[in-house]
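**Student:** Let me begin by handing over the structure; questions about it come next.
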Amino acid sequence: MSGSQDEIPPPPPPPPSSSQTPTQQTPHTVSTIKLPILKKGEYDIWAMKMEHYLAHTDYPIWEVIQNRNGHVSITTDTQGQIKVLPPRTAEEIVARERERKARTTLLMALPEDHLAKFHKMTDAKEMWDAIKSRFGGNDESKKMQKYILKQQFEGFSVSNSEGLHKGYDRFQSLLSQLEIHGAGVSTKDANQKFLRSLPSAWSQVSLIMRTKPGVDSLSFDDLLYNNLRVFKSDIKGSTASS
């Protein structure tokens with residue numbers, strides 16, 4: 027009897043848990059993208075960010091906002107009030123769900139003190155157009171914004187504590203704002219302005235670069251990364267010794 031028990035094979039090992047599957051350990055990168063929140067005076071940038079955000083995370087939602095979601099069946103009750111009929115087909119259910127997601131996404135991107143103005147809208151495209159009308163500003167305010175940006179460009183400078191890369195990021199952001207508001211500057215003006223805005227420690231390098239043949243035709247990125255970064259360690263060394 028004991029011999030027959032010894033001949034019984036051991037039970038097979040349990041299958042690996044789902045946590046051990048390599049494909050399930052890979053994080054979902056889309057979830058790390060933050061929803062752009064609309065801030066005062068930044069509608070144009072917010073609209074661009076929203077377009078890229080929705081096109082990347084859920085493009086059909088962006089299509090709903092741009093083109094609406096097709097026909098919605100309606101009827102009237104005994105009192106003459108218009109009522110939206112519930113979806114009947116699978117296509118109508120998907121369309122209604124996309125409309126709801128589009129509307130919810132837009133509401134979540136608005137400042138809390140403006141939610142009451144938009145939450146009753148049931149059409150995502152109508153909401154998108156209303157947000158533009160409310161926050162996009164009139165022609166006079168856009169002219170003022172353009173004037174302010176031009177003033178910021180003229181007075182731009184990079185401090186010693188800020189450093190080359192932070193100064194570059196801030197200047198690049200200013201160039202983008204100017205472009206959005208229809209006041210973009212030429213490559214020559216951008217390059218020359220940034221070189222003149224560098225701290226005094228960069229004065230000699232700046233002078234060499236400003237008079238270098240072909241510098242006015244370089245893109246702003248090429249100007250910084252392919253040329254100025256070459257001198258960065260030298261500038262740090264000379265600043266420390268002085």
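To get my numbering, take the position in the sequence shown, counting from 1, and add 26.
Note that CB positions come from ideal geometry on N, CA and C, so glycine has one too.
Distance, Cα to Cα, H207 vs I174?
**Tutor:** By one-based count along the sequence shown, residue 207 stands at place 181. By one-based count along the sequence shown, residue 174 stands at place 148. Their Cα atoms are separated by approximately 11 Å.
**Student:** Going by the beta-carbon positions, is the gap between A150 and A121 smaller than 7 Å?
**Tutor:** Counted from its first residue, the sequence shown places residue 150 at position 124. Counted from its first residue, the sequence shown places residue 121 at position 95. Going by C-beta atoms, A150 is not nearer than 7 Å to A121.
**Student:** Can you tell me the Cα-Cα spacing of E180 and E152, whole angstroms?
**Tutor:** Within the sequence shown, residue 180 is the residue found at index 154, counting from 1. Within the sequence shown, residue 152 is the residue found at index 126, counting from 1. In a straight line, the C-alpha of E180 is about 39 Å away from that of E152.
**Student:** Taking the CB atoms as reference points, tell me whether I91 and W154 lie closer together than 7 Å.
**Tutor:** Position 65 of the sequence shown holds residue 91. Position 128 of the sequence shown holds residue 154. Taking C-beta atoms as the reference points, I91 and W154 count as a pair closer than 7 Å.
**Student:** Do you know offhand how far P137's Cα is from L233's?
**Tutor:** On the sequence shown, residue 137 is found 111 positions in, with the first residue counted as 1. On the sequence shown, residue 233 is found 207 positions in, with the first residue counted as 1. Those two C-alpha atoms are separated by around 46 Å.
**Student:** Among residues of its own chain, excluding the 5 on either side of L200, which ones have a beta-carbon nearer than 8 Å to its beta-carbon?
**Tutor:** Numbered from 1 along the sequence shown, position 174 holds the residue referred to as residue 200. Correct list, in chain order: L175, Q178, F179, F182.
**Student:** Whole angstroms is fine: what's the gap from D248's alpha carbon to Y79's?
**Tutor:** What you label residue 248 is simply residue 222 of the sequence shown in a count that begins at 1. What you label residue 79 is simply residue 53 of the sequence shown in a count that begins at 1. Cα-Cα distance, rounded: 28 Å.
**Student:** Hey, how far is the Cα of T213 from the Cα of S245?
**Tutor:** Sequence index remark: in the sequence shown, residue 213 carries index 187 (1-based). Sequence index remark: in the sequence shown, residue 245 carries index 219 (1-based). C-alpha separation (whole angstroms): 6 Å.
**Student:** Does the distance from the CB of V184 to the CB of S223 come in under 7 Å?
**Tutor:** Reading the sequence shown from its first residue, position 158 is the one you call residue 184. Reading the sequence shown from its first residue, position 197 is the one you call residue 223. Taking 7 Å as the Cβ cut-off, V184 and S223 qualify as a contacting pair.
**Student:** With C-beta atoms as the reference, is P112 less than 7 Å away from I119?
**Tutor:** Counted from its first residue, the sequence shown places residue 112 at position 86. Counted from its first residue, the sequence shown places residue 119 at position 93. No, these two residues do not count as a Cβ contact at 7 Å.
**Student:** Buried or exposed: Y194, going by 16 or more other Cβ atoms within 10 Å of its Cβ?
**Tutor:** Reading the sequence shown from its first residue, position 168 is the one you call residue 194. Counting Cβ neighbours within 10 Å, Y194 comes out buried, since at least 16 surround it.
**Student:** Taking 6 Å as the limit between beta carbons, can you name the residues of its chain near W72, skipping five residues before and five after?
**Tutor:** Position 46 of the sequence shown, counted from the start, is the residue given in the question as residue 72. P62, L64, listed in sequence order.
**Student:** Please say whether N186 and P225 have beta carbons closer to each other than 7 Å?
**Tutor:** Here residue 225 is taken as the residue at index 199 of the sequence shown, counted from 1. Here residue 186 is taken as the residue at index 160 of the sequence shown, counted from 1. The Cβ atoms of P225 and N186 lie closer than 7 Å to each other.
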